[in-house]
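Taking it in order: structure first as structure tokens, then the write-up.
Protein chains: 2
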Amino acid sequence: MNIETSVKPHDRLAAYLRGDMEKVSALIAERMASEHAPRIPEVTAHLVGAGGKRLRPMLVLAAARMLGYAGPYHVHLAATVEFIHTATLLHDDVVDESKQRRGRPTANLLWDNQSSVLVGDYLFARSFQLMTEPGSMRVMRILSNAAATIAEGEVLQLTAAQNLATDEGVYLQVVRGKTAALFSAATEVGGVIAGADDATVQALFDYGDALGIAFQIVDDLLDYQGESGATGKNVGDDFRERKLTLPVIKAVAKADAEERAFWVRTIEKGRQEEGDLEHALGLLDKHRTLAATQQDALGWAAKAKAALAPLPDHEVKGMLLDIADYVVSRIS
Amino acid sequence: MNIETSVKPHDRLAAYLRGDMEKVSALIAERMASEHAPRIPEVTAHLVGAGGKRLRPMLVLAAARMLGYAGPYHVHLAATVEFIHTATLLHDDVVDESKQRRGRPTANLLWDNQSSVLVGDYLFARSFQLMTEPGSMRVMRILSNAAATIAEGEVLQLTAAQNLATDEGVYLQVVRGKTAALFSAATEVGGVIAGADDATVQALFDYGDALGIAFQIVDDLLDYQGESGATGKNVGDDFRERKLTLPVIKAVAKADAEERAFWVRTIEKGRQEEGDLEHALGLLDKHRTLAATQQDALGWAAKAKAALAPLPDHEVKGMLLDIADYVVSRIS
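Take a look at the structure:
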């Protein structure tokens, strides 16, 4: 294996986009400032400084650069996407009463729920200011639609998560909303700002959509088989929070009466006891649902790669293909 | 007193704008729907159905109509403003842990904090979708700036509210953010969409700004002297929530050592005991700060009216002048 291929594709893309990403970071720092309320940059910096992978803004930049866009507005759109993502994380941690994010205590724990809700609102508003700057109605429509779809997906998750009737179709709808909508909006606006034709914009959307779905399925799978160090989360968090994700949905579909009663008690009614997580893991193992979930994730990664097939060869295209593999590499 | 003048100005304006407001209501109902997440219209309808005065959307319509705009986009902008307002209320009630709003239990009590946070996010996103539809960059800039200013004001309030160093200047900044920003954006975009000249747009902004400040000061005053039935809130809520509003800020400025120790204990440290609210009311009375706060509100209402002076006579202008009086009539 030569050095070139041993470097993670995400890091190769980051290196390729370094100049642009520095501009994105500078713009984020500038726009998260608040003359009157120092709490805002404090909370935002805690989350932004924790070093997420910044995959979403990179997708905007990558799509735009792959199609020959010379700037400057891909930077604004990348920052827009990162602000929407950060706002969503702040609100998610309040909704989930999370205590850890990216291996650090959450903002709602370090400050309070109030700060997380209101600073999230501020970042949403900032994202809307940013998205107007390129002056493209189409870009604004895509990004404001994505913001609505994200919130809709989160609300749907709230009502579907503890309902054993939730099937794989509803799960996919939730995932498309809460995760894939921002991925696909990121790649789509990258294409739109570069003036790409409709077929290319559609291909970019499809890539982002499938990549986002693969990403979320991997996340849900790692919740049952990952390690706290790798994910910044604790194994079984979703079970304890009574979130019906794909591994459990598949196990519920195959459950006998006794197993069903177990899921009703632990997920629907939330009456969990010592040893329940271990029992749940045993049921996932019995029905081989972790393996089946893994196959689904690999399938979506393959779809993401297939979507890019019609696009001409380009250094960045190769990296995007590799990123689809990389997203699922944590589970394969 | 003839019938004409005995009807509240707000109701006269509502009657004048009835056709437009019906379109706004229909648009709100259409856009708060969610194909996938029925929880969204449930929560929204609870709040929208509680019958707020809809003053903010009426301000958009009034400004646009006064300047001869024939439509249709003033309806979209009115709905935008109402969505931003509703989203803000949902999040405020989470932040304040409120139990009552418009005389009914709050959404966070009837459902949960999660629903209030996420449905609020959905309405924010919907408001941004709506504001793009007229296709005016200037309108989008005004409204997205207002959304950022609102969130900034709320965060500032969070950090300033329990700090006895908060003076009237900081209070005004908070009020401009959390309340006046949406009033002034409403009147301003009404003028912009109607194609008004810069001086007229500025006059409309100034009217909305002063009206919003008067409105919030009245609200803060009523918290200490209103009745639960009239305001849908309980007397002393702000004191119990340790919110430093104008009547208390004025009392702190005049406090002797013993009184200051009382405010430090009850507001800064939050160690409140039986009888503290009565003692606080006694101090407001001693320093006559409720009367002084009332004077400030009347002063802002006068400024609102003065702002409209340069505008030509119009039926709607008369109603807007009367509304400035009406806003402060609850306290005079």
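Chains as they are written, first to last, in our numbering: chain E, 1067 to 1398; chain Z, 1067 to 1398. Beta carbons: idealized from backbone N, C-alpha and C, even for Gly. None of the values given here were measured: they were computed from a predicted structure.
| Asked | Found |
| --- | --- |
| Since residue 1310 of chain E is in the alpha helix (DSSP H), which residue starts that stretch and which ends it? | Note, residue 1310 of chain E: premise wrong, no alpha helix (DSSP H); not H, not E. |
| For residue 1201 of chain Z and chain E, any beta-carbon pair shorter than 8 Å? | yes |
| Closer than 8 Å by beta-carbon distance: list the chain E residues that pair up with residue 1114 of chain Z, in chain order. | Near residue 1114 of chain Z there are no residues of chain E at all, since even the closest Cβ is about 16 Å away, more than 8 Å. |
| From residue 1275 of chain Z to residue 1092 of chain Z, what distance separates their C-alpha atoms? | 28 Å |
| Tell me, please, whether the CB atom of residue 1102 of chain E is closer than 8 Å to any CB atom in chain Z? | yes |
| Name the chain Z residues that come within less than 7 Å of residue 1194 of chain E, Cβ to Cβ? | 1194, 1210 and 1213 |
| Please state the DSSP three-state secondary structure of residue 1122 of chain E. | helix |
| When burial is assigned at 16 or more other CB atoms within 10 Å of the CB, is residue 1351 of chain Z buried or exposed? | exposed |
| Closer than 7 Å by C-beta to residue 1377 of chain Z: which residues in its own chain qualify, once you throw out the five before and the five after it? Chain order, please. | 1266, 1269 and 1383 |
| Around the C-beta of residue 1073 of chain Z, are 16 or more other C-beta atoms found within 10 angstroms, so that it is buried, or is it exposed? | exposed |
| Just mark residue 1389 of chain Z as buried or exposed, buried being the case when its beta carbon has 16 or more other beta carbons within 10 Å. | buried |
| List, in chain order, every chain Z residue whose beta-carbon is nearer than 8 Å to that of residue 1306 of chain E. | The premise fails here: residue 1306 of chain E is roughly 16 Å from chain Z at the closest Cβ pair, so nothing lies under 8 Å. |
| How is the alpha helix (DSSP H) around residue 1361 of chain E delimited, first residue to last? | 1355-1374 |
| Which residues bound the alpha helix (DSSP H) around residue 1105 of chain E? | 1105-1114 |
| Can you list, in chain order, the stretches of the alpha helix (DSSP H) that have 4 or more residues and sit fully within the stretch 1123-1165 of chain Z? | 1139-1161 |
| If contact is defined by three or more beta carbon pairs under 8 Å, each pair taking one atom from either stretch, is the stretch 1143-1155 of chain E in contact with the stretch 1192-1206 of chain E? | yes |
| Just checking: is the beta-carbon of residue 1259 of chain Z within a distance shorter than 8 Å of some beta-carbon in chain E? | no |
| Counting only Cβ-Cβ distances shorter than 7 Å, please list the residues of the stretch 1338-1368 of chain Z near chain E, keeping chain order. | none |
| What does the alpha-carbon distance come out to for the pair residue 1284 of chain E and residue 1369 of chain E? | 15 Å |
| Who are the near neighbours of residue 1100 of chain Z in its chain, counting only those whose CB is closer than 8 Å to its CB and skipping five residues on each side? | 1106, 1107 and 1188 |
| With DSSP collapsed to three states, give me the class of residue 1398 of chain Z. | coil |
| With burial defined as no fewer than 16 other Cβ atoms inside 10 Å of the residue's Cβ, what is the status of residue 1231 of chain Z: buried or exposed? | exposed |
| What residue range does the alpha helix (DSSP H) around residue 1234 of chain E cover? | 1234-1241 |
| Are the C-beta of residue 1098 of chain Z and some C-beta of chain E separated by less than 8 Å? | no |
| I'd like to know if residue 1207 of chain E contacts chain Z, where contact means its C-beta is closer than 8 Å to some C-beta of that chain. | yes |
| Looking at C-alpha atoms only, which residue of E:1136, E:1217, E:1175 and E:1094 is the closest neighbour of residue 1197 of chain E? | E:1094 |
| Kindly indicate the opening and closing residues of the alpha helix (DSSP H) around residue 1211 of chain E. | 1203-1226 |
| CB residue 1301 of chain Z to CB residue 1258 of chain Z, shorter than 8 Å? | no |
| For residue 1281 of chain Z and residue 1253 of chain Z, which I take to be in contact (beta-carbon distance under 8 Å), what is that distance rounded to the nearest angstrom? | Incorrect: roughly 13 Å between the Cβ atoms, too far for contact. |
| Using a C-beta cutoff of 8 Å, does residue 1172 of chain Z count as contacting chain E? | no |
| Short check: CB of residue 1157 of chain Z to CB of residue 1186 of chain Z, under 8 Å? | yes |
| Considering only their Cβ atoms, is the gap separating residue 1228 of chain Z from residue 1334 of chain Z smaller than 8 Å? | yes |
| Could one say the Cβ of residue 1252 of chain Z lies closer than 8 Å to chain E's Cβ atoms, at least one of them? | no |
| Going by the CB atoms, is the gap between residue 1357 of chain Z and residue 1394 of chain Z shorter than 8 Å? | no |
| Can you round the beta-carbon distance between residue 1172 of chain Z and residue 1181 of chain Z to whole angstroms, since I take them to be within the 8 Å contact cut? | Incorrect: roughly 11 Å between the Cβ atoms, too far for contact. |
| What separation, rounded to the nearest whole angstrom, lies between the Cα atoms of residue 1075 of chain E and residue 1261 of chain E? | 26 Å |
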